[in-house]
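Peer 1:
In the UniProt record's numbering, the protein residues as written are 1 to 450.
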């Protein structure tokens, strides 16, 4: 867990300088009645010159204060403590000449702050109601199931349907008991109808929908709560197979089958519940891509090459020679986030008749794509930090500007999703701030891409 720096008290040096300067001007008196007119003219010029320069200084100090806040505010893991309103007050003082939001745009920031407070209140309520029930139910330890189902079709226990085909369908692999992870995603980037996703900072007009792919727990109380959650939110697809690591490929097939029969989106993104999706930036890029390359098959993300098949039976990644005879997998995209064209769904579904199922989900999906002749495309904006040294420990040591450009970031859990989304929206709303942060901050040891 990252550490949060205490927010220091920020004084405004402009007020002190302004008071002292105008005070000195006001105390000077003319030495002669004959010079009164000349003195008044001189005083007016001096005051105008002082005010003009002090306004410039005000804008500069406002920028410095904002940068200071951005560097020290960070991403809070505590639901009840977040300096967003302080950030908003500082933003209001930034000068228009520096191309930062001023009083006109400040209303949007106030709305975002209000939305954030409401989201955190709703998250706290969920945490103390259904979240507490899930916590109490998780006293039964799940048994490890090394096997996996070998049938193409998957029986769906509970499913949601798309009212209309979305431009982008996001399929999140989730564990049955992780209600708070699903709730944080729903309250942040997961739903386009969230107020925080509908401001002027959300420039894309493309639609998206988020669904959670979950299988059955060995805990009957968890399964009961999961069905209640699915009934209430109507965004969960439950497969009739055990929810274990060895069944992730089965869960991926569940997503293909359900999307083909009940949704038919233009594009799909498969991800995990501990990944943050920069939905605004992703949609902007994907919309531009679609306008130019809509007829081209897309399979994009962080490409894995020369990945050796694990033959150690004690490893969770074990694959027998009977299931896969090669030494290396075909190039595939890491399962934390891969983006692909929706028009491939019928062919992918058909390809499962010819490609034997293995329990390594992302490698198996790559095998299906290889069967179709679709090559993976490397995009450094997907999972840019996962290969960095101590990636989990250093993720939240990074300046928040490191999170502005990536499409998918791994290692973001529960309420961190909400804070990450708010900060990324702020960075998209004020993109020029990051250029200053990069020039002033000392985070050279934290690479943007590893």
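All C-beta atoms, glycine included, are put in the ideal place defined by N, C-alpha and C.
What is the DSSP secondary structure of residue 179, counted as helix, strand or coil?
Peer 2: helix
Peer 1: Throw me the rounded Cβ distance for the residue 299 and residue 340 pair, which I believe falls under 8 Å.
Peer 2: 5 Å
Peer 1: Going by other Cβ atoms of all chains shown within 10 Å of its Cβ, with 16 needed for buried, is residue 270 buried or exposed?
Peer 2: buried
Peer 1: What residue does the beta strand (DSSP E) around residue 208 start on, and which one ends it?
Peer 2: 208-216
Peer 1: Grab me the residues of residue 366's own chain with a C-beta within less than 7 Å of its C-beta, minus the 5 sequence neighbours each way, in chain order.
Peer 2: Within the same chain, and ignoring the five residues on either side of residue 366 in sequence, the residues whose Cβ sits closer than 7 Å to its Cβ are 329, 330, 331, 332, 333 and 376.
Peer 1: When the distance is taken between beta carbons, is residue 423 closer than 8 Å to residue 400?
Peer 2: yes
Peer 1: State buried or exposed for residue 404, treating a residue as buried only when at least 16 other CB atoms are found within 10 Å of its CB.
Peer 2: buried
Peer 1: Does the segment 205-220 touch the segment 235-247, meaning 3 or more C-beta pairs lie closer than 8 Å?
Peer 2: yes
Peer 1: Classify residue 243 as buried or exposed, calling it buried when 16 or more other Cβ atoms lie within 10 Å of its own Cβ.
Peer 2: buried
Peer 1: Can you name the residues that DSSP bridges to residue 365?
Peer 2: Bridge partners of residue 365: none, in fact.
Peer 1: Reducing DSSP to helix, strand and coil, say where residue 123 ends up.
Peer 2: helix
Peer 1: Rounded to whole angstroms, what's the CA-CA distance from residue 133 to residue 279? Just pull it up for me.
Peer 2: 30 Å
Peer 1: Determine, using beta-carbon pairs with one atom in the segment 252-265 and one in the segment 166-176, whether at least three such pairs fall under 8 Å.
Peer 2: yes
Peer 1: Count the other C-beta atoms from every protein chain shown that fall within 10 angstroms of the C-beta of residue 359, then say buried if there are 16 or more, exposed otherwise.
Peer 2: buried
Peer 1: Let me check understanding here. Comparing Cα to Cα, which of 223, 284, 112 and 417 lies closest to residue 207?
Peer 2: 284
Peer 1: If contacts are defined as beta-carbon pairs under 8 Å, then residue 535 and residue 257 qualify, I think. What distance do you get, rounded to the angstrom?
Peer 2: Coverage of the chain is limited to positions 1 through 450, which leaves residue 535 absent and any answer about it impossible.
Peer 1: In or out: residue 113 buried (at least 16 other Cβ within 10 Å) or exposed?
Peer 2: buried
Peer 1: Do residue 170 and residue 119 have their C-beta atoms closer together than 8 Å?
Peer 2: Contact: no.
Peer 1: To which residues of the same chain is residue 378 closer than 6 Å at the C-beta, ignoring the five residues directly before and after it?
Peer 2: 303
Peer 1: Please list the segments of the alpha helix (DSSP H) lying wholly inside the segment 284-354, counting only runs of 4 or more residues, in order along the chain.
Peer 2: The qualifying runs are 345-351.
Peer 1: Once the 5 residues before and after residue 32 are set aside, which same chain residues still bring their CB inside 8 Å of it?
Peer 2: Annotation note: pLDDT 44 at residue 32 (below 50); position unreliable, coordinate value reported separately. Answer for residue 32: no residue qualifies.
Peer 1: Spell out whether any CB of chain C is found under 8 Å from the CB atom of residue 128.
Peer 2: Included in the structure is just one protein chain, with no chain C present.
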